[in-house]
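S.K.: Before I ask anything, let me first share the structure, which is written out below as structure tokens.
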Amino acid sequence: MKDSIRKGYLANITDKYVRGQMDRRDFLRFAGKLGLGASALGMGFGNRPFFGMSSAQAQEAYQPSPDVIAWLKDVGKPFAGTTLKLATESTPPSNAINSQLKKYFEEATGIKVEIEVLPLEQVLQKLTLDVASSLGTYDLYYIDQSWAASFSQDVFDPREQYSAKADLAMPNYNLDDFLPALVDGIAKYEDRWVGVPYDIPIFIMIYRKDIYEKLGLKAPATLEELYTNSKAITDQMGPNTYGYAGQMKSGHYALECEWTSFLWGHGGSIFNADKKFSGNDEQGIAALDYYSKLRAIMPPGVDGWTWDGQGQAVAQGVAASMLSWGEFFPYFDDPSQTKISGLCEAVVPPQPIALRTVKETGYGEIPGVGHQGGSSLAVSKYSKNPDAAWLFMQWATCADTQVGITVLGGGTGPTRSSVYDDPRIKANARVGAGTTRHLQVVRETIANHMGSEPDLPEWAQISSDTIPVGLGKYFAGGYGSSKEAMDDIAGQVEGILKG
Amino acid sequence: MHQSRGIRTLRTIAGWLVVGVFFFPIYFWTTVAFRNAKDIFNWPPIFVDFEPTARNFEQVFGISLGFGFGAQEAVTPGGGNFYMAPRLWDSIVIASMSTVLAIVVATLAAYCLSRMHFRGRHEFVNWVLSTRMMPPVAVAVPMFFIFKQFSLLDTYLGVILVHGLMNLPLAVLLMKSFFDDIPSEIDESALLDGASRWTIFRRIVLPMAKGGIAATAVLCFIFSWTEFLFVLTLTQTSIKTVPVVSSTFVTSIGTAWGNMAALGAAAIVPAFIVIMLVQRHLVRGLTMGSLKQ
Numbered sequence: 028m029k030d031s032i033r034k035g036y037l038a039n040i041t042d043k044y045v046r047g048q049m050d051r052r053d054f055l056r057f058a059g060k061l062g063l064g065a066s067a068l069g070m071g072f073g074n075r076p077f078f079g080m081s082s083a084q085a086q087e088a089y090q091p092s093p094d095v096i097a098w099l100k101d102v103g104k105p106f107a108g109t110t111l112k113l114a115t116e117s118t119p120p121s122n123a124i125n126s127q128l129k130k131y132f133e134e135a136t137g138i139k140v141e142i143e144v145l146p147l148e149q150v151l152q153k154l155t156l157d158v159a160s161s162l163g164t165y166d167l168y169y170i171d172q173s174w175a176a177s178f179s180q181d182v183f184d185p186r187e188q189y190s191a192k193a194d195l196a197m198p199n200y201n202l203d204d205f206l207p208a209l210v211d212g213i214a215k216y217e218d219r220w221v222g223v224p225y226d227i228p229i230f231i232m233i234y235r236k237d238i239y240e241k242l243g244l245k246a247p248a249t250l251e252e253l254y255t256n257s258k259a260i261t262d263q264m265g266p267n268t269y270g271y272a273g274q275m276k277s278g279h280y281a282l283e284c285e286w287t288s289f290l291w292g293h294g295g296s297i298f299n300a301d302k303k304f305s306g307n308d309e310q311g312i313a314a315l316d317y318y319s320k321l322r323a324i325m326p327p328g329v330d331g332w333t334w335d336g337q338g339q340a341v342a343q344g345v346a347a348s349m350l351s352w353g354e355f356f357p358y359f360d361d362p363s364q365t366k367i368s369g370l371c372e373a374v375v376p377p378q379p380i381a382l383r384t385v386k387e388t389g390y391g392e393i394p395g396v397g398h399q400g401g402s403s404l405a406v407s408k409y410s411k412n413p414d415a416a417w418l419f420m421q422w423a424t425c426a427d428t429q430v431g432i433t434v435l436g437g438g439t440g441p442t443r444s445s446v447y448d449d450p451r452i453k454a455n456a457r458v459g460a461g462t463t464r465h466l467q468v469v470r471e472t473i474a475n476h477m478g479s480e481p482d483l484p485e486w487a488q489i490s491s492d493t494i495p496v497g498l499g500k501y502f503a504g505g506y507g508s509s510k511e512a513m514d515d516i517a518g519q520v521e522g523i524l525k526g
Numbered sequence: 009m010h011q012s013r014g015i016r017t018l019r020t021i022a023g024w025l026v027v028g029v030f031f032f033p034i035y036f037w038t039t040v041a042f043r044n045a046k047d048i049f050n051w052p053p054i055f056v057d058f059e060p061t062a063r064n065f066e067q068v069f070g071i072s073l074g075f076g077f078g079a080q081e082a083v084t085p086g087g088g089n090f091y092m093a094p095r096l097w098d099s100i101v102i103a104s105m106s107t108v109l110a111i112v113v114a115t116l117a118a119y120c121l122s123r124m125h126f127r128g129r130h131e132f133v134n135w136v137l138s139t140r141m142m143p144p145v146a147v148a149v150p151m152f153f154i155f156k157q158f159s160l161l162d163t164y165l166g167v168i169l170v171h172g173l174m175n176l177p178l179a180v181l182l183m184k185s186f187f188d189d190i191p192s193e194i195d196e197s198a199l200l201d202g203a204s205r206w207t208i209f210r211r212i213v214l215p216m217a218k219g220g221i222a223a224t225a226v227l228c229f230i231f232s233w234t235e236f237l238f239v240l241t242l243t244q245t246s247i248k249t250v251p252v253v254s255s256t257f258v259t260s261i262g263t264a265w266g267n268m269a270a271l272g273a274a275a276i277v278p279a280f281i282v283i284m285l286v287q288r289h290l291v292r293g294l295t296m297g298s299l300k301q
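Structure (structure tokens):
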């Protein structure tokens, strides 16, 4: 067989395998006939495909910039033998760095990096203990956007580090390349940068195109359309398929996230310009009534789902749409993980009915239906190795590493503008595991539809406990009306703010 | 006592129902470990008719023939893996060693409290009991500071010490009650025959309390095996136990239920083996003292 024919045939069966049209046994049988073993293909048993490749192949597809490596070798020498520690949530960027990319940094500098991967709540516990003790057990902090205010005085401002230590500054690091909306929404508290934007999960609209087309529906452009479309699907396809899945677990931060999207989308805000809780005003009540209306056409059991259950509902075909984190989209496209590969489409969040301006809100809150999560990466002020940590932080968040993270990280959203335009990223905008075909929607959502929570030290408690517990009680029938529920939450929030 | 056939049948059915209620969660959890991700959340749920796979175990323990032992397969977006075999070993080492520590110290202390009369003995027992009343979270933070000072953070020794100390009060009280059930006249006879206290303890009392030691050891082992807070607080990257790493299957885009179930199902095995090994003594130990002569 000619080599070109053999390669063409191999490409064909590989494509079928990745799309789930061929099982592994057949794939290996055909590959064997081509004289290729599994190891030769770089496709060990069960390796997760990234963009149609095994992780090994994907890693081969990404090679770090020689300029970056040369700089690391140059500036890293004095710090060889140092060990840096970071506690982080299990996010695509952290996983990509920990498992596949940090070796480049370690080889070039001689600095060892230990990354502890934990659930978000446990990361907060670890950081709180580290700050309270000032012991510097961690050199770098992974800071969720809702903690920015709490840790703002415990980390270095990266702008000051960059200018104060010219000898350690990465050439072309370009702090201006970070998407401005993310700097404001994730990494800034008052005038300080609490690290740099590290990852960006953001709410986008994900819907089942096949179901929408079957029922003659168009992607929801407004919140009202989201409801009418979802109701039409539930009416016609329920109880097998529901129109929308929420993330409504009582007492969980997920419920607060979804609520804020609808609150902002109805012209409301969490705080008003006087820094008073305003979720109980006219717009706030309208938002909660809308949420209740939407709840009625969601699958049973949604009161126990975080974004995890919400994503599973869509992945299993139980629900036809969700307004949720864009990180789910590549997962839905992965044929080895879900039954809906290639059936979902992403669009920007529905237009709001009304929208407050930032000046009409308090504590830096930014209204927008595209609820933004995300985290920043910062060097701890208590670190015993702040310079080595600063080197790592620059490398981990530079454009070249972000390309690697996006390529290896299964299509996660970059925080730098230039990365969205990188040809290596655009090349993977097709159906399959680790797709990047939703990233332009993510980018547009960040630029024009992003909603960001307020920054205040008490926010972690308010967002993860007070509001979702109150909302959960409301949806469980614990209040007589939406007004009564929101008034009660308002009273609790004011009590917390008064201390 | 004569029972009608109907009553016996009903009792048998009721018995199996109770067994079913307790066994079903374990069965379902174990089947989750053998399912593909897309088969876990089927609705209506599937209990039997699914395509079994060992992939979750391969990913968690790296034992697939295709990968070879110890391979770390990329399974999360970004290429992170769920390779947890070393963590299972950590759990075994910590639970075993902390149990040994607790049993050795508790046995000696309990014998003294049972046999020797000294001033403040009762107060001492009450004080031992009171240490169990303190919420672990109140101790965890000070422990963190102390361990940092003594370089015990993230070490086997540190966690073994904490788990050993955590189990000590319960072990002392249990062992004391077992020793109390052994007639002190035996000790006195041996003393009259010229045996030392140590000889009596080692040669006479200890063998008689084997059942009690087994029961106490099992409880200590299980407490250590399932302990979460201290391991979370006092470890970082070097060691972790099964309960703490189980939480790391929760990622930013969802929970790897299949992998979590695989680790959970496998984690039952060592505890089960320990219980099996001491079963003969365990039954005797748990019933010890229930009948007074």
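Sequences listed follow chains Z and D, in order. Following my numbering, the numbering of the first sequence begins with 28 at its first residue and continues without gaps. Following my numbering, the numbering of the second sequence begins with 9 at its first residue and continues without gaps. Where a beta carbon is used, it is the ideal one built from N, C-alpha and C, also for glycine.
Looking only at its chain, what residues have a beta carbon closer than 6 Å to the beta carbon of residue 348 of chain Z, apart from the 5 residues adjacent to it on each side?
M.R.: Your numbering for residue 348 of chain Z matches position 321 in the first sequence. If we look at residue 348 of chain Z and ignore the five residues flanking it on each side, its Cβ neighbours are 234 and 271.
S.K.: Between the stretch 218-247 of chain D and chain Z, which residues of the former have a C-beta closer than 8 Å to a C-beta of the latter?
M.R.: Residues 240, 241, 244 and 245.
S.K.: Would a C-beta distance cut-off of 8 Å place residue 401 of chain Z and residue 325 of chain Z closer than the cut-off?
M.R.: Counting from one through the first sequence, the residue named residue 401 of chain Z turns up at place 374. Counting from one through the first sequence, the residue named residue 325 of chain Z turns up at place 298. No, these two residues do not count as a Cβ contact at 8 Å.
S.K.: Residue 420 of chain Z lies in the alpha helix (DSSP H); which residues open and close that run?
M.R.: The count along the first sequence starts at 1 and reaches residue 420 of chain Z at position 393. Segment 413-424, the alpha helix (DSSP H) holding residue 420 of chain Z.
S.K.: What residues of chain Z sit near residue 198 of chain D, judged by a beta carbon separation below 8 Å?
M.R.: Counting from one through the second sequence, the residue named residue 198 of chain D turns up at place 190. Within chain Z, no residue comes near residue 198 of chain D; the closest Cβ sits about 52 Å away, beyond 8 Å.
S.K.: Using CA atoms only, rank isn't needed, just tell me which of Z/408, Z/393, Z/226 and Z/409 is closest to residue 478 of chain Z.
M.R.: For the purposes of this step, residue 478 of chain Z is taken as the residue at position 451 of the first sequence. Looking at the Cα atoms, Z/393 is the closest of the given residues.
S.K.: Return the residue from the list Z/281, Z/317 and Z/421 that minimises the CA-CA distance to residue 294 of chain Z.
M.R.: By one-based count along the first sequence, residue 294 of chain Z stands at place 267. Cα-wise, what sits closest to residue 294 of chain Z is Z/317.
S.K.: Cβ of residue 245 of chain D within 8 Å of Cβ of residue 162 of chain D?
M.R.: Residue mapping note: residue 245 of chain D aligns to position 237 of the second sequence, counting from 1. Residue mapping note: residue 162 of chain D aligns to position 154 of the second sequence, counting from 1. It is a contact, given that the beta carbons lie within the stated cut-off.
S.K.: Determine the extent of the alpha helix (DSSP H) in which residue 100 of chain Z is found, giving its start and end residues.
M.R.: Reading the first sequence from its first residue, position 73 is the one you call residue 100 of chain Z. Segment 93-103, the alpha helix (DSSP H) holding residue 100 of chain Z.
S.K.: Can you tell me the Cα-Cα spacing of residue 378 of chain Z and residue 248 of chain Z, whole angstroms?
M.R.: Locating residue 378 of chain Z in the first sequence gives position 351, counting from the first residue. Locating residue 248 of chain Z in the first sequence gives position 221, counting from the first residue. About 6 Å.
S.K.: Start and end of the beta strand (DSSP E) containing residue 230 of chain Z?
M.R.: Numbered from 1 along the first sequence, position 203 holds the residue referred to as residue 230 of chain Z. 230-235 is the span of the beta strand (DSSP E), which, as asked, contains residue 230 of chain Z.
S.K.: Entirely within the stretch 97-153 of chain Z and at least 4 residues each: give me those alpha helix (DSSP H) ranges in chain order.
M.R.: Whole alpha helix (DSSP H) segments, 4+ residues: 119-123 and 129-136.
S.K.: Output, in sequence order along the chain, the residues in the stretch 326-340 of chain Z whose CB is closer than 7 Å to any CB in chain D.
M.R.: Of all residues in the stretch 326-340 of chain Z, 335, 338 and 339 have a Cβ within less than 7 Å of some Cβ in chain D.
S.K.: Rounded to the nearest angstrom, what separates residue 140 of chain D and residue 177 of chain D at their Cα positions?
M.R.: The residue you call residue 140 of chain D lines up with position 132 of the second sequence. The residue you call residue 177 of chain D lines up with position 169 of the second sequence. Looking at the two C-alpha atoms, the distance is approximately 7 Å.
S.K.: Should the stretch 209-219 of chain D be regarded as contacting the stretch 129-138 of chain D, the criterion being three or more beta carbon pairs within less than 8 Å?
M.R.: The stretch 209-219 of chain D, when compared against the stretch 129-138 of chain D, does not touch it at the 8 Å Cβ threshold.
S.K.: According to DSSP, is residue 319 of chain Z helix, strand or coil?
M.R.: Position 292 of the first sequence, counted from the first residue, corresponds to residue 319 of chain Z. DSSP places residue 319 of chain Z in helix when its eight states are reduced to three.
S.K.: Using C-beta distances below 6 Å, list every residue in its chain close to residue 270 of chain D, excluding the 5 sequence neighbours before and after it, in chain order.
M.R.: One-based indexing of the second sequence puts residue 270 of chain D at position 262. The residues are 41, 64, 65 and 68.
S.K.: So, does the CB of residue 153 of chain D fall closer than 8 Å to a CB anywhere in chain B?
M.R.: No chain B is present in this structure, whose protein chains are Z and D.
S.K.: Give a yes or no on whether the C-beta atoms belonging to residue 468 of chain Z and residue 396 of chain Z are separated by under 8 Å.
M.R.: Walking along the first sequence from the start, residue 468 of chain Z turns up at place 441. Walking along the first sequence from the start, residue 396 of chain Z turns up at place 369. Cβ atoms of residue 468 of chain Z and residue 396 of chain Z: not closer than 8 Å.
S.K.: Using a Cβ cut-off of 9 Å, pull out every chain Z residue sitting near residue 69 of chain D, in sequence order please.
M.R.: Numbered from its first residue, the second sequence carries residue 69 of chain D at position 61. Result: empty, since nearest Cβ-Cβ is about 13 Å, beyond 9 Å.
S.K.: Should residue 268 of chain Z and residue 341 of chain Z be called a contact, given that it needs their Cβ atoms to be closer than 8 Å?
M.R.: Numbered from its first residue, the first sequence carries residue 268 of chain Z at position 241. Numbered from its first residue, the first sequence carries residue 341 of chain Z at position 314. Not a contact, by the Cβ cut-off of 8 Å.
S.K.: Quick check on residue 386 of chain Z: does DSSP put it in helix, strand or coil?
M.R.: Mapped onto the first sequence, residue 386 of chain Z falls at position 359. In this structure, residue 386 of chain Z counts as helix in the three-state DSSP scheme.
S.K.: Pick from D/18, D/278 and D/156: whose alpha carbon is nearest that of residue 93 of chain D?
M.R.: The sequence position of residue 93 of chain D within the second sequence is 85, counting from 1. Nearest C-alpha to residue 93 of chain D: D/278.
S.K.: With which residues is residue 224 of chain Z paired in a DSSP beta bridge?
M.R.: Translated into the one-based positions of the first sequence, residue 224 of chain Z becomes position 197. Bridge partners of residue 224 of chain Z: Z/403.
S.K.: For residue 45 of chain D, which residues in chain Z fall below 7 Å Cβ to Cβ?
M.R.: Sequence index remark: in the second sequence, residue 45 of chain D carries index 37 (1-based). Under the 7 Å cutoff, chain Z gives 364.
S.K.: Cβ closer than 7 Å: which chain D residues qualify as neighbours of residue 116 of chain Z?
M.R.: Numbered from 1 along the first sequence, position 89 holds the residue referred to as residue 116 of chain Z. 260, listed in chain order.
S.K.: Indicate the three-state DSSP secondary structure (helix, strand or coil) for residue 275 of chain Z in the structure shown.
M.R.: As a working mapping, residue 275 of chain Z is identified with position 248 in the first sequence. In the structure shown, residue 275 of chain Z sits in coil (DSSP, three-state: anything other than H, G, I, E or B).
S.K.: Does the distance from the C-beta atom of residue 173 of chain Z to that of residue 144 of chain Z stay below 8 Å?
M.R.: For the purposes of this step, residue 173 of chain Z is identified with residue 146 of the first sequence, where counting begins at 1. For the purposes of this step, residue 144 of chain Z is identified with residue 117 of the first sequence, where counting begins at 1. Cβ atoms of residue 173 of chain Z and residue 144 of chain Z: not closer than 8 Å.
S.K.: When you check each C-beta in the stretch 159-192 of chain Z against every C-beta of chain D, which residues fall closer than 9 Å?
M.R.: Result list: 159, 160, 162, 164 and 165.
S.K.: Three or more beta-carbon pairs under 8 Å between the stretch 220-237 of chain D and the stretch 94-109 of chain D, yes or no?
M.R.: Judged by Cβ distances under 8 Å, the stretch 220-237 of chain D makes contact with the stretch 94-109 of chain D, as three or more pairs qualify.
S.K.: With distances taken between CB atoms, is the gap from residue 222 of chain Z to residue 158 of chain Z smaller than 8 Å?
M.R.: Within the first sequence, numbered from 1, the residue matching residue 222 of chain Z stands at position 195. Within the first sequence, numbered from 1, the residue matching residue 158 of chain Z stands at position 131. Result no, Cβ atoms of residue 222 of chain Z and residue 158 of chain Z do not sit closer than 8 Å.
S.K.: State the Cα-Cα distance for the pair residue 121 of chain D and residue 273 of chain D, rounded to the nearest angstrom.
M.R.: One-based indexing of the second sequence puts residue 121 of chain D at position 113. One-based indexing of the second sequence puts residue 273 of chain D at position 265. Going by the C-alpha atoms only, they are around 40 Å apart.
S.K.: Nearest-angstrom Cα distance between residue 160 of chain Z and residue 113 of chain Z?
M.R.: In the first sequence, residue 160 of chain Z corresponds to position 133, counting from 1. In the first sequence, residue 113 of chain Z corresponds to position 86, counting from 1. Straight-line Cα distance between these residues: approximately 16 Å.
S.K.: Taking only beta-carbon positions, decide if residue 167 of chain D is within less than 8 Å of chain Z.
M.R.: Locating residue 167 of chain D in the second sequence gives position 159, where the first residue counts as 1. Output row for residue 167 of chain D: interface = no.
S.K.: Which residue marks the beginning of the alpha helix (DSSP H) containing residue 188 of chain D, and which one marks its end?
M.R.: The residue given as residue 188 of chain D occupies position 180 in the second sequence. Counting along the chain, the alpha helix (DSSP H) containing residue 188 of chain D begins and ends at 164-188.
S.K.: Under 8 Å between the Cβ atoms of residue 106 of chain Z and residue 498 of chain Z?
M.R.: Translated into the one-based positions of the first sequence, residue 106 of chain Z becomes position 79. Translated into the one-based positions of the first sequence, residue 498 of chain Z becomes position 471. In this structure, residue 498 of chain Z does not lie closer than 8 Å to residue 106 of chain Z by Cβ.
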